[in-house]
Structures are given as C-alpha cells and as structure tokens.
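Chains as they are written, first to last, in our numbering: chain A, 68 to 672; chain B, 58 to 156; chain C, -9 to 651; chain D, 304 to 827.
Backbone N, C-alpha and C fix where the C-beta goes; we use that ideal spot for every residue, glycine too.
What you are looking at is a predicted structure, and each value in this text was computed from that prediction instead of being measured.
Contents: one structure, followed by commentary.
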Amino acid sequence: MNTVPWLTILLIVPAAGAVVVAALPRRHATLAKQLALGITLAVLVLAVLATFAYDPDKAGFQFGQSYDWISTFGISYSVGADGISLVLMLLAALLVPVVVLSSWDEVDGGDAAGTGRVPAPAPAPDAGGSPGQVGDGGIGGAGGIAGAGAGAGAGGVGGGSGGGTAVALAAPPVVTAAAPAQVATPAGRSVPAFFALLLALEAGMIGVFAATDVFLFYVFFEAMLIPMYFLIGSYGPVKEQAQRSYAAVKFLVYSLLGGLLMLAAVIGLYVVSADNLGHGTFDFATLRQMEITPGVQKLLFLGFFVAFAIKAPLFPFHTWLPDAGAQSPTGGAVLLVGVLDKVGTFGLIRYCIPLFPDAADYFAPLVLGLAVVGIFYGALLAIGQRDMKRLVAYTSLAHFGFIALGLFAFTSQAGTGAVLYMVNHGLSTGLLFLVVGFLVSRRGTRDVGAYGGLAKVTPVLAGVFLLAGLSSLALPGTNSFVSEFLVLVGTFTANKALAIVATCGIVLAAIYVLYLYQRTMTGPIVHEENRVLHDLGLREKLVVAPMVALIVALGVYPKPLLDIIRPTVTATYADIGKSDPAPTHPAAAHPASVHPASVQPGGHS
Amino acid sequence: MNPANYLILSALLFTIGTVGVLVRRNAIVVFMSIELMLNAVNLTLVTFSRINGTLDGQIMAFFVMVVAAAEVVIGLAIILSIFRTRRSTSVDDVNLLKY
Amino acid sequence: MRVEPVLLAATEPGNQPVHYAAASGVFSLSWLLIVLPLAGAAVLLFGGRRTDRVGHIIGTLTAAASFVLGLVLFATLLGRDGDDRALSQHLYSWIPVNGFQVDVGLLVDQLSIVFVLLITGVGTLIHIYSIGYMAHDPNRRKFFAYMNLFLASMLLLVLGNNFLSLYAGWELVGLSSFLLIKFWEDRPAAATAANKAFYMNRVGDVGLALAIMFMFATVGSTSYADVFGAAAAGVIGYGTLTAIALLLLLAACGKSGQFPLQAWLPDAMEGPTPISALIHAATMVTAGVYLIVRAGPIFDGTQAARTVVVIIGAATILIGCVIGCAYDDIKKVLAYSTVSQIGYMFLAVGLGPAGYALGIMHLLAHGFFKAGLFLGAGSVIHGMDDDQDLRHYGGLWRYMPITWVTFGLGYLAIIGFPGLSGFFTKDRIIETAFDKGGTSGYLLGSIALLGAGITAFYMTRLFLMTFHGKPRWSSEGPAAKHPHESPVSMTGPMIVLAVGSVFAGGLFVLGHSLQDWLEPVAGTGVEGVHTFSPVVLTLLTLVVTAGGFAGAYLRYQLRPVESVARPDTEVSLVTFAARHDLFANTFNETVAMRPGQYLTRFLVWLDLVGIDGLVRGSAAAIGGLSGRMRRLQTGFVRSYALSMLGGAVLVVGALLLVRAG
Amino acid sequence: MSADPTVLLAQTQKITPPSIEYSSLSPLLIVFVVALVGVLVDAFAPRGARRVIQPVLAGGGFIAALVAVAVLHGRHAVLASGAVAIDAPTLFMQGTILVFALLSVLLVAERRLDSSGGAIVASAAITPGSKGSTAQQTSADMQTEAYPLMVFSVTGMMLFVASNNLLVMFVALEILSLPLYLLCGLARRRRLLSQEAAMKYFLLGAFSSAFFLYGVAFAYGFAGSVELGKIADAVGTVGKNDLYLYLSLALLAVGLFFKIGAAPFHSWTPDVYQGAPTPVTAFMAAGTKVAAFGALLRVFYIAFGGLRWDWRPVLWTVAILTMVVGAVLALTQRDIKRMLAYSAVAHAGFLLVGLAGTNTDGLRGSMFYLVTYGFTTIAAFAVVSLVRTSDGEASDLSQWRGLGRTSPLLAGTFSFLLLALAGIPLTSGFTGKFAVFQAAIEGDATPLVVVALVCSAIAAFFYVRVIVLMFFSEPLAEGPVVVTRPTLTFATVGIGTVATLVLGVAPQPLLDLANTAATSGFVR
C-alpha cells in the first residue's frame, strides 16, 4: 500500500508549471521552452513511477484521495486511478513532452521560415473584408445589420468581423493556400503563452482521467476546452486567420453544447442520487452501486453519450474534427486527436457503461451501428481528402469507430482491445500528425498535390511517415495490430456479422494510408522546391524516436499494458453482468480457454 | 348603488390611460395618460376600501398621489431637458437607440 | 511460466492427440532462424548510410547463417524418429486477454523445416546474386535490408505455431513485398504496382483474419495444436469448418496470386528481378500452398472447400498459360507461368492428402527452376540494358553462354523434360488428378494435361525468342546494345539453381523420400486405383508437351519474329484478351475502383454539404433569427410599450385561463 | 413560521401607535440619512469639496449599513406593524445590494479615465450640441447630485427587498426607480443617447409601475389587506372573489418582470444599458436585478405561494422566452454594452429557471446566482469603461480587435469575465448556473433546464466571439487606448474578477450563507 498522492502531484506539477511559464515575459522564449520541456519530462517520470507503484491485480481505484469541495452539493475533490485511466494518463504524460519538443520552433521562427519558403500570399484588399463576407454569408442580414447600424463604416467592419467569427459557424471560410484576411506575423504570438497553454492542457487531461468525482470530471472536461481553444485560435496557421478562428469557435461551441447536455445529465444523476440515497453525491463509486430505473437511465445515458460522441467523435458528430485538426498547430493536433478525444471514449467505458448498464444495453445496437458506419465513412472520406491534416483527422474518425465498436461489444477482449486502441491510436496518429507537421513546416502547405517523390529527398522522414502509416493500418508488428485484432476478435465472439463487416474496413485502411504515401513520397519530383527540402534534423529525430520505439515495442510485446488494462475492463463488464461467450467447441482445458467470466481481474496472467 | 360599477369605471379609465400611452406622440400627453392610469387605480382603491369596509384603501390613495407627484417632477425634468435639445416633445423623434 | 498448452491439449479426451514435443537442445535456438535476418535488417535500416559499404555483406551473411542453422536443424530432425519430428517452442506470451491467449511460439516440423531450407537457401543465393545485380544502385543497402526483412517475415510465417503468428508473418511478407516492388519508387508504375499488390493482399488477409476469429469463436484458441486437434476430432460443425476453410482459401488466393486475385502478381514484376525471383516466384507466392497444406486437418474435414480449391487451381492453370502465350515482356511471361504453376500446386493440394506432398514437391521444384529462370532473365535484362521486350532479343546464346545453359535447364525443367524435376513433380500431379476418378477427375486431368502443353508452348516461345533466331537488336546506332555475360556473383547462383532444378525432382520422388518425410504432417497419399497406368500417362504428357514445343518451334524458330508486336486490332480475339490479362484489371476497375472513387467523391460532398451543412445550417438559422428579431427593437418607445402591454395581456389571460380551467 | 410577539400585540390592541424597532431598520435608516445628508452637502458644500465629500459619504454610508446588516444577522421579524420584514433572505440581499452599490460608487467616483472629471456629466442642464456641451466634456467637475441619487436608489432597493406589504413595495419601487431615471440621463458624453435612455426608461418604468399598482389594488380588493402574509392566508380561504386574486397576481408579475427585464418586458434594457453612463449601467445591472428578484421572490413565495401550480406555467413561458430572446439577440449586437444588456436579459432568464424550482434550493440558488452575476457584470462594465478612444468609450465591438495583442492583461481579464458569464467551470458563473439548474431539476423543471442549457450554448457563442476578436484578429491601425491611470476602476475590476474566481473555485462559504438564509426562509 503506497501513500504517495501520485495523482495530485501529477496534477499540480503541470498546473503550477503553466502558471510559472505564463508569468514569463515574452522575450524569455527559450527559457519558457526549456522550462516547459523540463516540467513535462518530470511529469512523464512521475507518471512512469506511478505506473510501477500501481498494482494491476487490485480491484477498484488506487492512489485514491478525497477531500470535500462543495459539500452543499456533495461535491468532493476525489481522484483515483484504475487500469484504464492509468494508461491514458501515461499516454498524455508521454505525448506532451514530445509535443513540446516538436513545437520548439513552431511559434517563433518556425512559421516565419515556412512563410519564407512559400511565395508570400497577396494581401487581401480590405482588412475586414474577407471575414465580413463570411458574416454576410453566415447570417441572413448580417450585411444588412452592418449597413443599417449607426456609423456604417466602422459598423461594416464590426458586423463583418463579428459575423466572420461569431456566426462563422454558419459558413466556413474557404480554406485556400492563399492568405485570406490580414497577413499576420508570428511576432504577435507569445511563446511562453503557447507552452503555458500546453501545460495547462496537460493538467486538464490528467485531471479528467484522474477524477473519480463526476462533477470534478465535468469540470476538467470543460476546462480543458479553453487552452485547446486558444491553441487553435491563436497558434493555428498564421496565414489563415479567418479559418482558424472559425475552427476554434466551432470546436469550442460544439464541445460546449455536448458538455452542457452532459451537465444536465450530471445534475440529473445528482438529483437521482439525492432521491435514492437521501443525500446527493457525485462520488463515482457510490453512484455506480446505485439502482436507477431504466427510463431515467436512458435519458441520463443520452446526456452523457452525446457529449462523449461529440468529443470522440463518433460518426454524425464529427464535422468539427477536420477543421480543428487542420487548423490547430501540429502539437495541438497531436494532443487533440491523441489524448483529448480519448476523453470521449474513456467516458463511454468509465461512465456510460457502468453507470447506466440497462441503457447501455438498450443503446448498444445504435452505438455499434454508428461505430461501423464511422469505420467506413471515415476511411472513405480520408481517401478523398487532399488536405493532409484533414485526411489524418478523418482516419481518426475510422479508428474511433473501432474503439466504440470494441467498447460496446461487451466482451473483455474487445473492451481491452479498445482501451489499448486508445493508447495506440494516440501513438500512431500522433506520429502521423507530427510527420505531416514536419512536411507542412518545410513546405508551407497541407495540400497533398504540393508533394510527391520526397522519399528520395528526405528518406528518413519518408521512413517514419511509412511506419506511422503502417501502424495506422494496423500491420502486425506495430502496436495497433494488437488492439485492432482484439477488438475485432472480441466483437466477433459477440456479434459475427458486425465483426465481419468491420474487418473489411482494414482494406480501406490500407488504401488511405498507402495512397497518401504514394502521393507524397513516391513517384518523380514534380515541384522543384521539393528538391531542396532537408531531411529530419536532430531535434525532429528526437521527437519521433520514442514514438517509433513504442510503436514497435508495443506491437511485439504488449503484455505489460494489457496486464494493466485487462483486469479493470473485465471487472467493468463483470459488474454489469456481461461475460465473454464461451467457445462453442472448447478445444482443451488448458488455462488459455478457462471461461473469462470466472477470471477475476488479475486472476491469471 | 352597486360599488362594483366603480370598479368597471376605474377599469375603463385605466384602459383609456393605457391606450393613451400607446397612441399619443406628445411626451407630455403620454405622461398624462400614465397619470390617468394611476388615478384610475386610486379610484379602484377607494372603491375596494368601501367594499371591504376598511380605511386602508383610502390611505393608500394618498400614498399614490404623493408618489405620482414625485413622478411628475422627475418626468417633467427629463422631458424638458430633451425638449430643450430637440425642440420637440414627440416621443417618436427620440430613437437613436435601436436594434 | 504457463504450462505448454499443446501438451494438455493431447490429454483432452475426445480430441485427436496432436502432440508437439517441447523444443530443446539445438531446437531451442530455432528463434535464431528468424532473428538473424531480422537483426541484419535492423542494423542496415537504423545504421543508415554508415553501413552503406558493408550492407550487402551483412545481409548476405545473416541470410547464410540462417540457412546453415536450418541445415543443422534439418540434420537433427533426420536423426529423430518419424513421429517425433514436430517440436514446438514457446517463446513468450504475446496477447493474453482472459480467454484469448496468444503466444509467440515456433513449430519446427517436417513441413516447416522444408520451407525453412527453401527460403533461406534460395534466399541466400539470391542475396549473392543481388550483390552483383544491384552493384550500381545507390540504395543497395536498403535493398538488402528489405530482403532480410522479407526472410525474417517469411520464416515467421512458416515457423509460427499458431495462426496469429502466421498471420503476422503473412502481413509482414506483404509489407516486404510492397517495399521491394516499389524499390525504385520514383517510377510511378512501381509505386502503383506496389500499392495494388498490398491492397489485393489485404483482401486476402481479411479472409485469414476472419478465419482466425472463427477458430477462436469455435475452439477458443488459435494454436495449431488446439485447432487441428478439434478439427481432427470432428467436433467442429461442417458449416463452420467449410467457412474457415474457404476463408483460408481466400487468403491463399490473395497471397499466391490465384484466381480471382491474380491480377497483382504480373504488375509486381516492376520490382527488381531478384525480387521477382525470390518473392514472386520461389517463396512468398507459394505461401498459399503452405497455408492449405498446414491447415490440412481443416480441409480434410470439408469436401466442399476442397472442391473449390481444385476448381480455382484448374482455372488458374489455364488463365496463367493463356496469358503467358501473349506477352512479350519476358518477366511478365514468367510471372504468368508462375501463376499457372501455382495453379498446379493448388490443384494438387485440393486433391487432399494424396496431393499435399505432391503440391509441396512441385512447390520446391518450382522454387528452384523458376528462381533460376528469373535470375537468368535478370541476367539477360542486365545484359540488354534493362530492356525486357522479347521482341528485342534474339540469338543471345552466343553472348551469354552460362545464362543460356542455366536458363535452358530451368526451361527444360518447367516444361517437364524427362529426368528433370518438372517432369517428375508435374506428371505426378496430372496423374493424381486423373486418379481422382469420375468426370471431375477426367476434367481436371485433361486441364492439367492441356496446361502442360501450353506451358511447353509459351516457354519454348520465350526461350527461342530470347536466345535463338536472328538478333533483333543492333550493336550500333542510338539504341546500341552490347549483350555480355554477367559477373560471377550472378552466374554462380544461377548455376546452383540450375543444378537444383535438374536433380531436385528426382531426389524428391524416387523412393517417395519427400512424401514419407512429410507423411506425419500431410497424411498418407493412399495409392488409389489408377485411371491410366503411370506409363501411359507419362507418354501422353510427353506427347502433349512435345506438341506444345513443336508449335512454338514452327512459329518462332522456323519463321522470323517481328521486332514489334502486331497492334491489338490485327490479332485474334483470344490474343487480344490474353494481352489484356483476360480483362482482369478492367474488371477490377469497373467493379471495385471506379465505384469506390465515385462513392468517395459523393461522401466528401455529403460530409461537406450534408452533415456539416446541418451544423452550419442551424448556426445560420439562429443567426438569421437573431438578425430578424433585432429589427423588432425599433427604438420607438411606444412600440416597446405596446410589446409590454401585449405581454401583460398574455400573462393576465394565461392566469385567468388557469383560473377558469 | 412563528411571528414576532410584538406583532401579535400590535394586532390585538387596536389603537396603538405602530412600534418601530429602529435598531432592526438601522441599515435602511443609515442609507436614507446618508442620502439626505448628501443632498445637504450638495446644497451647501463648495463645488470642489463636493467631489470629494460625496463619494466618501456615500461609500462610508454603505459600509456602515453593511456593518449594520452583519450585526442584524439572524434577526427574523416583521416590523413597523407589518410594513417591513427583516429576515435572513432580506439581509442577504440587502448586503449584496450594498456591496454592489459600493463597487458602483467606486466607478462613479473614477475621475482619471481621461482629462475630464469622470463618466458623469458636468452639468446636465447644458443642452447637447451647444458650445457649452463640448466644453463640459472635458471640464473637470461633475454633477455631484449623482451620489445622493444613487444612495436614494439604494435605499429604495433595500426597502424593496424588505417590504412585507405591497404598498410599501410600490413606494420602494418608486424610490429605487426615480433616481435611476435621472442617473441614466447623466452621461458626460453621447448626451443625446443618455437623455433618450432616461426618457425611455422613465416612461416605460412609470407605465409598468402603473400595472404594478393596479395589481396592488386588486390584491387589496381580494384580501382586504396588502400584507403579503394576509394575502397568503386569504388565498386559502373560500368565499372570496379570486378573480381579483388572479388579476393582482398577473399585474404584480408584469411590474416585477419589467424590473428584472424579462421578455417580453425587456425592450427597455438594451437601450437604457447602452445610453446610460457605464457606472450607472453597472449599478443597474447588478443592484436592480438583486432588488427586483428579492421582491419577486417575496411576492411569489409568500403572498402567492399557495398558487404556485397556477403561476408556474406562466413563469416557465416567460423564463424560456427571456433566455431565448437574450441569447439569440445578443448574437448580432455590435455595441459591447448592448451585448452585455442582452446577456443580462439571458441571465434573468436563468434566474427565473431557478425560481421555477419553487423550493428552498431555488431560493438558495437564485440568491447565490445574483451575487455571482453581480460581481462579474460590474467588473465587465468596469473593463468596458477602460477601453477608450478620443471620444469616450470604444463601445463598438469592431474597435476591440486585437486588444489581446496590444494589452493582453486587460483582454485576458475581460475574457475570463466573459467565460464566467458563459458559465465555464472554475468560474462563479458555472457554480451559479449549477446551483439554479440543480434546483430546477430538483423541482421537476428538467425540460426548462435543457432549454436553458441550449441557450447557454448559444450565449457562449457571442461571449466567445468577443474573445476571438480580441485575441485572434489583428489590431486596428488606430485602435482604442486602454487607460492605465484609473485606480478606482482597477480596484473594482480586481474585486469583481477575484470574486468571480473565488466563487468559482471555493464557493462553499457563500453557499453556506445562502443556504442558511434560504432554509431559515421568509418571515410572514
């Protein structure tokens, strides 16, 4: 039994770091970077230590801590880790330092270099013009307002810019390589602020996984949005001010809408608990024991589910992701898709399924349906993209389909696979985003058409790119294979038809990865400027090295992670009375085919 | 004679006042219509006082008059200041603030 | 440490004891077979340019070391007695999740060791050959790295002791094949071919994956021991068994370029010739055959699936032969001959225990002579400055004698010239096909026979157009060619393989040596009643072959060959179809590719306008509403008063309504 | 609830002068006296001295009253023969009003915004456009009557929430409104807008108070008394003409809805908020809302508590209408004060949602929400008054572009306040929302809550839009300047922001306060 408050430490270190870094004056850019790197690495070390301190075979939460926060509503600051949240925290702790290192020159210099390489775009005639038109397109009569308002001149700009951002959701600015509105200079961007945001984000991510109080979870769930929002909005592509504002607002409002619906469910849960237990509480463990009538369960489930489905995102709720993915700085994109979105899938297995088992049963077909649709939809759209970051975003849609599929197949294999998938997807897609980011920073455009034949010029880059792709298409020997196969095989035992359909998706995966590789890396070099691109530098190699290593290592020897995840997942499904279907003709009575239901968490390894 | 009729009368007065507020442009007249509404209420109060057989209603009427008087002071001040600027007391001329 | 599952599997009542002894002694080193080339690959890939100079050496040495180790193991196996030659080694637990326990483990038995020898042996030879062939390529190091990677994957494929390890190897060979096909990646054709290969293989892989899922769902395990135990015990339902078998077959077709997934193999010839020899002729493409033989216990249980196998085999034989006659690209012709030869193997293994051994036998023989042929072709192409068109060759025997001889031997072997390996192995297959009896027997037999004839025709055509007749190239002028013999590093392996292709067949057949060796794995081929006596059949085959030869000789030796092919408009419909791969690609495009593209475009549109449109639409709606509502704020105090009055009336009305109600 | 014995005494013996417990009324009296003194000061003190004396006097008065409130806590009695009630909720809200008044005084007293003497006009009598008016824009002195007016208004507010008797309530309503009407007209710049605001507010206010008064009359007609308690008793008894009852309920509601700015009685809000001098706007937004809600709670909980099933549907409709109107209309505003006005409307809607809970949780939630909202909104308006161009405040949103680049600290603070208004966790806005929504769901008003949440999402949209303008777009060439000298305003912003943060992170103490207040409930 260890008494070290691991999770609180993991929370405080980055949070405090964020404050410190934010306090630095702009000119201390380098110091900010070094500080951020140091802090995140410290967090990583702590997280690893915590993992060693964690005892996978012990049921329930570990490192638990609980202090009253808002006793009036039975809210407490309580944190704890189980197998699922631990690995995700580990992922977050790993990715952030990588991102810090990868964004070393992105805020200052990096973009300048980028603009240096590509021909400078023609500045738009009227400063407010471009967003203004957006506004007009956006809301019926925004233009009219601009005209009608007193001081039409200023009003025009005001209404325009207002519309351009406020009602931008109504009409996305056309994403073009050429700069839309004002041509910004990276000068306007504060380096310390950027890294402070990253640290704040890390704190939020760890908190959201560590929380064992539903209210606390919600708080982190929402609070996380803000740093991400600023990362997209103020550090996105320099020359696409209108688009990145649009993407940022879309991301925030979309997530906020989901979050608020969830808030309704959260409060509902509290009220139900107040009725059932006499005193309202948000304590997850307590709520989990609570009996809720199926009708209420369904409503509450939907409240949570929509929020998570938007976050994840699942099929019909995904349209914010491509914009956000394309418009956020590379580091932001990595964290967004790598970790932030996992909160959605994490929420599904941590909250939706255990809290509302009946509803989960009732809605499982719906979720599974969305998942399978997502697998194909995401893959096909990825094939159809020309913007590389959007493409990667769409592949994530497909992957999240697999994850959701695994979670709602209700077998320990599928569940474990899905959770492992969350980690693996963070690594593979993270690496993919990083590499794409490297390309974009060299070439200044996300358009696939601008590349081609780079394998000759930048062999190492190409190699890493290919590896990331292979991991993304779940090739055996890479990490993703283990998780994807577990998901499929687990689903298969529960629902053959679905599994068969889903398996066909792996062909599409091959297509979107290799087609992208073919268009960017192979063939003759068509654009002269591509001949001079330089291969990965030392810093970039340092960035990708750990990812590459893990991708291979986890593909060859995933057991350590599986041993952490498996007991929790098995227990979760056991709690809601789900057990793996037994093989129809068990071959032999060797330990391998002992019926899983009888396998308690950590029963054997 | 049935005191309820006075209620009806007062209701009529109140309505007239209301309509006056809506239809008249001249600020002063609008303001007078409001005064009419208040006095309609006074009538109501007195009537109820009669019906309930308590004096409270009548006392309240005095209160209302005082308040109305205070209102007049404020109101005329405001209207006057506007009139001095715009040389008009039409409430419709005053609409810079809109939308 | 878990107890070795397979041992317990044997104790389970009702199951055929499928007993693999735990590996010990030298066999506990069998993992080195895989690790050696893998290490080589790793060193070369991560070592970077530093290892440029020694790259090919490291690659070749690791391959050779692996081969030697294989020989040692083989020898040791020979030392053991018949039913004790299957040794399973548990390395570590790979994917343990409750009921789903997958280990990384190796199985060294009569079947896998044979493949190990073929892979490492031919592999080593081709490494040596490549030293010369790729001498001038700046990326030679990478080439060897990939080849080592391939060896490792292929060995994992054949050595794994459960289906998931096999699957891993299965996809990894796909990867290495992909990497090597697109080795010259600045050629768009190469890149496209590589992708095509990977896609079509993935289709097959889906089959294998699903098959494994079926196994787990039914047996609760993926290890050979458990699955085969259950299959042999007949506890698995016929339907399930057939489903599994067919799915495995799909995988096999994908990997082995069998109908309907054959279209990728010819394109794969875009890769360097040694690769065509090693991967797309000798080893990888035969993995399908290995899979079916390995999964014998499953196929034994389902006649239906087997029928499908033979049909596919027979169909592919013809497809390969027919197209082989039409192409002028030397490598494509060889590719299609590979397709048809593998068709023979499928035909054989489809015939059940009787044919397993024969299939393997032909596979090995084919490994030798086809690799030899490709290397020869490579040598020719090398000498002709990378020109691959038969119609630009002619009379080369004078310029590259060694190539001529070795190639010739391979050529004789494949057409089944008496005494050479092809003669033994192919004839036995034809024979067995007839022996199947009944109409189907006759049908299959005659197809096989016909195939032999056509093979003779197009191989002769190839041989004659290349080495004999008048030269259709000039040593002067702009397109001057200076054919020359290749360096020793290249000819050496060719010679070795030629020797192999001469004697291998006999070695295997005489005294049923190989059959007996494989018997514990493949089962006994019961000597059924002969439809024809072997002698008659052999003569018959010879006659047909001779016919094919004669046809080609008349057409391409006695009559001059145009140096340009006749345009499609002037050739017979058959030739036209054959030149267009019997429209396989056209079919794929119209059925899969085009609709896919349209669907994708449509979805992109839908996502933008439809789904995101909804999101934006709602935002626009609210914005518009706002824009309209703010017009109500007219700034006229009287209208405000009116709205207030309205509100008041509503409230009063509502409450009076409540009162009334 | 047990009534104070003295009250019973007063009722039993007919002819006795009403006994006034001056101690219990001390907060009210202090403020009132201060107001009167203020008038005297304005009459006799020299021009220069007033500018100093008045704010000190007012501020001191508020503080003193605050102390008195603190001392009185726990008092639970009906005073002045049923005219005034002093109980926990009353004291809570009186305290709140005083705090906000204090903050507003700081804003009014701010004289270092520019060369001139602050936001209040030098001399209201000067007609706009005339030569004098341009001069007065920069003149150092101000219409110091503003302070007494404010104090009177505060008196009215405190009486409003304390009144236990509809007539007193009406009088209080007038006491709080009339000064406000005038204050709205006292802006130093943009005189025309200011006067227009004053007139609109006045006419509509008078109009609505007429309705309120008519309601009082009907209440009297129904119950024979205007004491809330008596009305409540009468509601139960049979044989009374409940037509009067319903009429009075409706008309009173109209009057009160007008004051809190609930749709469709909100139409004055944007115009007045925009036209009035910013400190006054802040004062109105925070103070008036508290007072009006206090009265609303009293009327609905005490007098008509028995009818809650009858007025709930109406309340629901008004609440939904208010939230939607506020949130949607704010989307397309270009004037920052106007936008905040609509956001005020939306927040009134959220408060009504809490009221719809019709339970102690609702009471607690509403009171807590009022505090959080007040602090945030005052701070927000204070920030607005800091961003200026050559001709006064840069109220047009377009002028705020890129403020995050030029003065990040201010922009950051403002963003934080906006996020609080949007209800993002770890800000007081979120805890407040949570409190009222929890009450509503507790009281089976779940659908209402869902609407409310959707509206908050829409609302978030326009708060975020301002952040986008400030941070993601490039600064204008000749953008507004952020004045850095005004210490008083900074103090207000600081206090407001800190309160917003603290109440978001550690709301427990205030919640406890509100909770005890709510549970001890209204005296009647």
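Does residue i have its Cβ less than 7 Å from a Cβ in chain D?
i             : result
residue 639/C : no
residue 644/C : yes
residue 146/B : no
Reducing DSSP to helix, strand and coil, say where residue i ends up.
i             : result
residue 423/D : strand
residue 692/D : strand
residue 467/D : coil
residue 428/C : helix
residue 542/A : coil
residue 97/C  : strand
residue 567/D : coil
residue 509/C : helix
residue 514/A : strand
residue 268/C : helix
According to DSSP, which residues form a beta bridge with residue i?
i             : result
residue 262/D : Residue 262/D cannot be examined here, being either before or after the span of chain D that is shown, 304 to 827.
residue 137/A : 142/A
residue 86/C  : 91/C
residue 389/D : 380/D
Starting from residue i, find everything on chain C with Cβ-Cβ shorter than 9 Å and list it in chain order.
i             : result
residue 479/A : 87, 88, 89 and 90
Using a C-beta cutoff of 7 Å, does residue i count as contacting chain B?
i             : result
residue 574/D : yes
So which residues of chain D does residue i contact, with C-beta pairs closer than 8 Å?
i             : result
residue 127/B : 477 and 481
Below 8 Å on the Cβ atoms is my guess for residue i versus residue j; work out the distance and round it to an integer in Å.
i             : j             : result
residue 519/D : residue 599/D : So it is not a contact: roughly 15 Å between Cβ atoms.
residue 671/D : residue 738/D : 5 Å
residue 460/C : residue 384/C : 6 Å
residue 247/C : residue 329/C : 5 Å
residue 801/D : residue 686/D : Contact flag wrong, Cβ pair sits at about 14 Å.
Under 8 Å between beta-carbons, which chain B residues line up against residue i? List them in chain order, please.
i             : result
residue 502/D : 84, 135, 136, 139, 148 and 151
Using the beta-carbon of each residue, which ones in chain C are nearer than 7 Å to residue i?
i             : result
residue 549/D : 645, 646 and 649
Run through chain D and tell me which residues come within less than 9 Å of residue i, C-beta to C-beta.
i             : result
residue 529/A : The contacting residues do not exist; residue 529/A stays about 35 Å from chain D at best.
Beta-carbon of residue i versus every beta-carbon of chain C: anything under 7 Å?
i             : result
residue 130/B : no
Spell out whether any CB of chain A is found under 7 Å from the CB atom of residue i.
i             : result
residue 207/C : yes
residue 759/D : yes
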